[in-house]
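As structure tokens, the structure follows; a few thoughts come after it.
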Amino acid sequence: MASAVVSSSSSSSSSSSTGVSERRGIPAASFVQDVQAYLTQSGLDVNSSLSFLQERLQQYRLAEMKLLAQQKDLQAKIPDIEKCLDIVAAMKAKKDTGEALLADFEVSEGIYSRARIEEMDSVCLWLGANVMLEYSCEEAANLLQKNLENAKASLEVLIEDLQFLRDQVTITQVTIARVYNWDIHQRRFQQATTSKEDL
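Sequential numbering from 117 applies to the sequence shown in our numbering.
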């Protein structure tokens with residue numbers, strides 16, 4: 117019995133309910149309407165508040181980089197899984213007709229070899245972590261299809277997380293600008309008041 121080797125990438129889909137205060141561990145930024153009330157409620161002065169907001173902005177940026185790396189990884193895995201599904205489908209079709217399957221496979225980077233596969237009863241799939249398992253063509257197709265659906269679902273969740281994160285970055289940047297501008301306005305007001313008192 118001849119076995120063909122096909123690579124598979126499994127991906128788990130994770131979803132969580134979107135809350136008001138956070139999304140999947142990413143804290144939500146609150147838009148500041150009244151800077152004075154914000155500073156009073158937080159118990160921070162302007163400099164401490166700006167430092168806190170800058171730190172939160174940096175955390176958002178780091179989370180965004182992590183999510184973008186995960187998105188890139190998933191976007192690379194999905195075509196690989198689809199290619200594996202196509203190979204398994206071609207094997208099943210050739211098996212049903214009794215024909216041999218001619219396949220070019222990569223031996224090393226840029227070096228290919230042609231194989232003639234006559235008996236296609238099973239497929240070996242790389243599952244990751246140096247683990248390879250042998251499946252029937254039907255089982256392999258089912259597993260690959262499930263992995264593809266999970267990868268696409270995970271990608272959708274990641275895209276939503278990135279959009280949420282970008283919104284939080286924008287809100288935080290606006291809050292920083294508002295606190296900074298409020299501080300400048302307060303200083304000017306105090307200077308004007310002091311100048312009038314001196315006269």
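Glycine included, each C-beta is placed from N, C-alpha and C at the ideal position.
| Item | Value |
| --- | --- |
| From which residue to which residue does the beta strand (DSSP E) around A206 run? | Unbroken run through A206 is the alpha helix (DSSP H), 162-213; no beta strand (DSSP E). |
| Assuming contact is defined by CB atoms lying nearer than 7 Å, are Q187 and L274 in contact in what I supplied? | yes |
| Can you have a look at V290 and say buried or exposed, based on whether 16 or more other CB atoms are within 10 angstroms of its CB? | exposed |
| Within a Cβ cutoff of 6 Å, which residues of the same chain sit near V285, ignoring the five residues on either side of it in sequence? | Y176 |
| If you draw a straight line from the alpha carbon of R304 to that of V162, how long is it in whole angstroms? | 15 Å |
| Since I believe Q191 is in contact with L278 (beta carbons under 8 Å), could you give me their beta-carbon distance rounded to a whole number of angstroms? | The Cβ separation is near 12 Å, so there is no contact. |
| Which residue wins for smallest C-alpha separation from V239, given the options Y251, Y228, S137? | Y251 |
| Closest to D299 by CA distance: which of L218, I194, S164, Q157 is it? | S164 |
| Please give the ranges of any alpha helix (DSSP H) in the stretch 208-258, keeping only runs that are unbroken, at least 4 residues long and fully inside the region. | none |
| Between the Cα of F168 and those of D220, L260, T288, C253, spot the shortest distance and give me the residue it belongs to. | T288 |
| Say whether the stretch 204-220 touches the stretch 254-262, bearing in mind that this needs 3 or more beta-carbon pairs closer than 8 Å, one atom from each stretch. | yes |
| For the alpha helix (DSSP H) containing V151, list its first residue and its last residue. | 151-158 |
| Taking C-alpha atoms, which residue in G214, L241, M181 lies nearest to L201? | L241 |
| Whose C-alpha, out of I292, Y154, F280, L155, is nearest the C-alpha of S137? | F280 |
| What does DSSP give as the partner residues of I275 in its beta bridges? | BP columns for I275 are empty, so no partner. |
| Can you give me the Cβ contacts of E180 inside the same chain, cut-off strictly under 8 Å, excluding the 5 residues immediately before and after it? | L278, L281, R282, V285 |
| Between A145 and P195, what straight-line distance do the alpha-carbon atoms span, to the nearest angstrom? | 36 Å |
| Which class does R303 belong to by DSSP, given the choice of helix, strand or coil? | helix |
| With DSSP as the reference, label R140 as helix, strand or coil. | coil |
| Going by the CB atoms, is the gap between A245 and R232 shorter than 7 Å? | no |
| Are there 16 or more other CB atoms within 10 angstroms of the CB of T267, so buried, or fewer, so exposed? | The question names Thr, but residue 267 is Ala in the sequence shown. Buried is the call here. |
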